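Enquirer: Which chain is which? The protein sequence lines are U and D, in order. Just so you know, the numbering used here puts the end of the first sequence at 390, numbered straight through with nothing missing. Just so you know, the numbering used here puts the end of the second sequence at 390, numbered straight through with nothing missing. Ideal Cβ positions, reconstructed from N, Cα and C, are used throughout, including at glycine. If you're wondering where the values come from, they're calculated on a predicted model, not measured in any experiment. Once you've had a glance at the structure underneath, I'll fire off some questions.
There are 2 protein chains.
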Amino acid sequence: MDHDFPTVAINATQIVSYEITVTSRIAEAASVLADGLASGNEGMEKALVFVDTGLPQQHVEKFRSLLVKGGVGCNFVEVPGDEENKVLKEVIAVVETMNRYGIKRRSSPCIVLGGGVSLDIVGLAASLYRRGVPFIRVPTTLLAMVDVGVAAKTAANHLGFRNRIGTFHPASNTIVCSEFLTTLPRRQMVNGVGEIFKLACIKDSVLFSLLEEAGERFVESRGQDVAGAQQIIDRALRGMAQELEPNLWEANLKRVVDYGHTFGPAVEMRYIADLLHGEAVALDCLLSAVISNNRGRLSDGDLAQVFMVAARLGLPLFHKGFDDVELLLSGLQDMTIHRDGNQNLPLMSGIGNAYFVNDLEPREVTQASIRMKEIAEVTAGGNLTRKHNDNEIIVEKVARRD
Amino acid sequence: MDHDFPTVAINATQIVSYEITVTSRIAEAASVLADGLASGNEGMEKALVFVDTGLPQQHVEKFRSLLVKGGVGCNFVEVPGDEENKVLKEVIAVVETMNRYGIKRRSSPCIVLGGGVSLDIVGLAASLYRRGVPFIRVPTTLLAMVDVGVAAKTAANHLGFRNRIGTFHPASNTIVCSEFLTTLPRRQMVNGVGEIFKLACIKDSVLFSLLEEAGERFVESRGQDVAGAQQIIDRALRGMAQELEPNLWEANLKRVVDYGHTFGPAVEMRYIADLLHGEAVALDCLLSAVISNNRGRLSDGDLAQVFMVAARLGLPLFHKGFDDVELLLSGLQDMTIHRDGNQNLPLMSGIGNAYFVNDLEPREVTQASIRMKEIAEVTAGGNLTRKHNDNEIIVEKVARRD
C-alpha cells in the first residue's frame, strides 16, 4: 500500500519438500513406511493409521501385519472413501481422533491408507489440527496414486460445490504401491485412467500413445502388466509433479492440469452418486476437445482420436449432465471466480499441447454439447449405454437427433 | 526416507510478505484501506467487510461512510467477537457468506474489522475458502492490534481446547488505528496490556519500564496520550513482529512469545465466560515468574516488580483457576504435546530475559500456585477482589492460609 504511515513489514520464506516413493509390492511399501517412522520417532508410540472403509480387508490385514513385523505398533481408524462423505463433518471427526490419541505436533505423523477422498479428508484434518501436523499418504486407488497423492492439496466439498473448502498441506511422504490395484473394481481403475487421459491430452503425447497402445491391457490387468503399466503410472505421476512443483500454491492460475476441470465439477456434484471424479474429468476433456475443434484449433483427426482412445479405455463418452448447458455454464462461471475472474480455460491444440482461452461464449458450449453427443454416439457405434462392473450405468443411451 | 525405490521429489519455496500500517485516526485507516482496494481492484465490485458485533456502531458508521467517500462500496456482515463463539460453526458461516457474495479468489480481499476473535474467525475462513483467499485486518481492540493482528495465525477453539483448529494464513495487510481504542471498555484495554506485559517480561526491559511509568496513563487514556501510548503500541507490535518473522510457521518450537501461554490456555477455556485471554496470559506470566524465582533464576526484587507492575496496570494477580493444580498440569501436558513432546517452557531470568526449561516437575507447579496467591495478596494489599468496569469480578478474594 502506498502511503506515508509507519509500517512494519514481515517477510518470510517457507521451503516445502516432499517425496513420492514408487513401489510395486505391499511388503515394499510397508517396509519403506516402517523405516521412515522408526527413523523419525525414537519413542515409537503407536502410529495412528486412517484406513479407507472401501479398502479390502485383505490389504488392511496384510499392511497391518507387515507394519507390526517392521516394529511399528498401529492404531487403525476408519475414514470414509466416497465423494458424498468428503465433508467437513468427517474432517472434524478425524481431527477429534487425532486429539483423542494425543499425537504430537511434529514427530507423530499419521498415516492414511486409501483412495483420493480419504486422502483429502485426512489431509485437511492434518492441516487444521494444531495448525498443521505431518501425515503420510499411501494411495490405494489409481486416481489417488497419480493425482491426489502427488498434489499439495487437501479438500472437502461444501454447499454442493466440489473442494469448496481446503488447504495446501502436502503429505511429507507418499508411498505408491501398485499391488493395491489388484483388487480395484474395473470402474475404479477406469476412474484413475480419466486423470491420466487428461494429462496425456493436454501435456504428453508419449503418454497418449502409451494409453492408446497399452491402456486397455493396463486397465484389464489392474496395472500388473509390469512393463507398460509401471511406465504409465510413472509417466503420469512425474508429469503431474512437473506441473505442480513450480506452481505449488497456484500463484499462476493458468494451469494445464485444470484441463477437464472446468465444466466437470458442477456435473460431478449434481450427479454425485452417479459419476466418479475421473469420469467427469474425461467427459469434460471430450467436451473441451470439441470446443477446440469447433474453433478450428484441434484437427478432426485429433478429435476423433481423443474420442477413440477414451472409448477404448472404457471412459464414458457422454452423460446426461453434459446435455444440461445451464449446468455446464454454472461450472464455467464458478471456475472463472476460482481463476480470479478469468476463464483461463485450457484447451488442446493437438495431442499433448495446450493453449488458454478467455473468450468462450455460451453458444459455443451449447454447440459443443450437441456435437459431443453426436461424436460419442458414432464412436460408440450407435449405442452409448454401457454397464460397469459394479452395475452402475453411467453412460446413457443417446436419443438420435435429426 | 532411505531406500532404493524410485522417488519423485517436489521442492517448492513460498515467499510470504505482509505489512502492518500504523495510523492514529479512523479517517487515516479508511483512506489507507480504500487506496489499497482501489489499486488492486480495477472492476471495483463491492468489498465484503466483516464487522465484530462488539464494535460500537459509531465506529462502524464512520468507517463505512469514509470508505464510501473513498470510492469503495461495501457489504457489511456481522461476525461474533467473543471467545465462546470462536468455533468452527462461525467459521463456516463466514465461508458461506464469501461463497454467497461470489468473491474472487485473488482480487476481492475481504476486510475484517474487530477484535482478536473476529480476526481469527475470518482469517480461518479466508484460509479455507477455495484453499485460501486474501483478507485485510483492521484490529479494533488493543489485544488484536499488538498480538493477533501481527501474527500469521488463524484459529478456532474446539473440544474445549483453545485454538485446537487453525492455519497459518496472514492477512495481506493489517491496518492498526488507535482511535478505535477510545471506546474500549477499561477491561478490554487491560486485556490487551496483558500481551504487552508478557512481551515486556520475557523480551523487552525498555517496554517493561515504559509500562511501569506510563502504563496506567496508557490504560486510562485508552491509548490516546499520544507520546507514551504510541510508543507502547509501536514497541509491542515491532517486538512481536521481530519474534515471528524468522519463525513464522513455528519450525522452532522454543518461542519466547509462548511466555504466559503454557498453563493459562487450560484455565482460560475452563473459565471461558469469566477470563479474557490477556488476563489468563498475565496470570500465567505471574505463575511462571514464581516458578523461576523458586528455581533461583529470577531475583526476589524482579519478582516483586513483576507483580507490582501487573497490579498497577490493573491486571489480575490471581484467579481460582490458578489454585487448581490439576488444571494447570493439564495445560502443561497439552502444551508439551503442542511443543512436540518437550515442555519448552519459557521463563524469565530477569526483566526482559528468557530461558527455556524442560524439567519442570508437578510439585513445582503446586508450590508456585501457593506462593503466587500469597504474593498476589501482599501486592494487592490483602484484598484481591477487584471489580471491573463492566462489573465482572475476575480477581477473587483469597482465603488466608495459616
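Does Q2 of chain D come out as helix, strand or coil in the three-state DSSP assignment?
Expert: Three-state result, Q2 of chain D: strand.
Enquirer: In chain U, which residues lie less than 8 Å from S397 of chain D when you measure between Cβ atoms?
Expert: Coverage of chain D is limited to positions -11 through 390, which leaves residue 397 of chain D absent and any answer about it impossible.
Enquirer: Starting from G102 of chain U, trace the beta strand (DSSP E) both ways and give me its first and last residue.
Expert: Its beta strand (DSSP E) spans residues 98 to 102.
Enquirer: Anything in chain D within Cβ reach of V83 of chain U, meaning under 9 Å, just list it in chain order.
Expert: H146, L147, R152, I153
Enquirer: Just verifying my parser: in three-state terms, what is the DSSP assignment at K186 of chain D?
Expert: Here DSSP, grouped into helix, strand and coil, assigns K186 of chain D to helix.
Enquirer: Can you tell which of U:G104, U:C273, U:K186, U:L301 has its C-alpha closest to the C-alpha of R175 of chain U?
Expert: U:L301
Enquirer: For S318 of chain D, return the contacting residues in chain U, with the cut-off set at a CB-CB distance below 7 Å.
Expert: Those do not exist, as S318 of chain D stays about 12 Å from chain U at its closest Cβ, beyond 7 Å.
Enquirer: Closer than 7 Å, Cβ to Cβ, to anything on chain U: give me those residues from the stretch 230 to 245 of chain D, in chain order.
Expert: L232, E233, L236, W237
Enquirer: Is the separation between the beta-carbon of K191 of chain D and that of G227 of chain D shorter than 7 Å?
Expert: yes
Enquirer: Taking K92 of chain U as the query, report the chain D residues whose CB atoms sit under 8 Å from its CB, ordered along the chain.
Expert: I325, D328, G329
Enquirer: Given that F(-7) of chain D touches chain U, what residues does it touch there, using C-beta distances under 8 Å?
Expert: T9, V10, T11, E16, V20
Enquirer: Is the beta carbon of V353 of chain D closer than 7 Å to that of V294 of chain D?
Expert: no
Enquirer: Mapping DSSP to helix, strand and coil, what is L21 of chain D?
Expert: helix
Enquirer: Just to confirm before moving on: does the CB-CB distance between I135 of chain D and E183 of chain D stay below 7 Å?
Expert: Residue identity differs from the one stated: residue 135 of chain D is Asp in this sequence, not Ile. It is a contact, given that the beta carbons lie within the stated cut-off.
Enquirer: Answer yes if the stretch 279 to 288 of chain D comes into contact with the stretch 86 to 97 of chain D, meaning at least three C-beta pairs across the two stretches below 8 Å, and no otherwise.
Expert: no
Enquirer: Can you list the residues of chain D that V194 of chain U reaches, using a CB-CB cut of under 9 Å?
Expert: Going along chain D, no residue has its Cβ under 9 Å from V194 of chain U, so there is no contact; the nearest lies around 17 Å.
Enquirer: I need the DSSP call for P127 of chain D, collapsed to helix, strand or coil.
Expert: strand
Enquirer: Exposed or buried, K34 of chain U, counting other C-beta atoms within 10 Å across all chains shown (16 or more means buried)?
Expert: exposed
Enquirer: Could you spell out where the beta strand (DSSP E) holding F196 of chain U opens and where it closes?
Expert: Unbroken run through F196 of chain U is the alpha helix (DSSP H), 193 to 208; no beta strand (DSSP E).
Enquirer: Along the stretch 263 to 286 of chain D, where does the CB come closer than 7 Å to a CB of chain U? Name the residues.
Expert: Listed in chain order, the positions of the stretch 263 to 286 of chain D with a beta carbon within less than 7 Å of a beta carbon of chain U would be empty, since no residue qualifies.
Enquirer: Three-state secondary structure (DSSP) at M258 of chain U?
Expert: The sequence shown places Arg at residue 258 of chain U, rather than the Met named in the question. DSSP places R258 of chain U in helix when its eight states are reduced to three.
Enquirer: Who does H265 of chain D pair with in a DSSP beta bridge?
Expert: Beta-bridge pairing links H265 of chain D to no other residue.
Enquirer: For A17 of chain U, which residues in the same chain have their Cβ closer than 6 Å to its Cβ, ignoring the five residues on either side in sequence?
Expert: T11, I163, C165
Enquirer: Just curious, the alpha helix (DSSP H) that H47 of chain U is in, first and last residue?
Expert: 45 to 57
Enquirer: I'd like to know if I381 of chain U contacts chain D, where contact means its C-beta is closer than 7 Å to some C-beta of that chain.
Expert: Because I381 of chain U sits at a pLDDT of 35, beneath the cut-off of 50, its placement in the model cannot be relied upon, and the following sentence gives the value as read from the coordinates. Not a single CB atom of chain D sits nearer than 7 Å to the CB of I381 of chain U.
Enquirer: Would a check of beta-carbon distances place N346 of chain D closer than 7 Å to chain U?
Expert: no
Enquirer: Any chance the stretch 107 to 118 of chain D sits against the stretch 149 to 163 of chain D, with 3 or more Cβ pairs inside 8 Å?
Expert: yes
Enquirer: Taking 7 Å as the CB-CB limit, is R223 of chain U close to chain D?
Expert: no
Enquirer: List the residues of chain D whose Cβ lies closer than 9 Å to the Cβ of S5 of chain U, in chain order.
Expert: A(-3), I(-2), N(-1), A0
Enquirer: Does Y89 of chain D come out as helix, strand or coil in the three-state DSSP assignment?
Expert: Reduced to three states, the DSSP call for Y89 of chain D is helix.
Enquirer: Who are the Cβ neighbours of Q45 of chain D in its own chain at under 7 Å, not counting the five residues just before and after it?
Expert: For Q45 of chain D, same chain residues with a beta-carbon under 7 Å away, outside a window of 5 residues either side, do not exist.
Enquirer: Please work out which residues of its chain come closer than 8 Å, Cβ to Cβ, to D322 of chain D, disregarding the five sequence neighbours upstream and downstream, and give them in chain order.
Expert: F149, P253, A254
Enquirer: Confirm, please, whether the CB-CB distance from E238 of chain D to A(-3) of chain U is below 7 Å.
Expert: no
Enquirer: Give a yes or no on whether the minimum CB-CB distance between R226 of chain U and chain D is below 7 Å.
Expert: Residue-level contact by beta carbon holds for R226 of chain U and chain D, with a gap shorter than 7 Å.
Enquirer: Is it right to say A26 of chain U is buried, meaning 16 or more other beta carbons lie within 10 angstroms of its own, or is it exposed?
Expert: exposed
Enquirer: Under 7 Å between the Cβ atoms of G111 of chain U and G69 of chain U?
Expert: no
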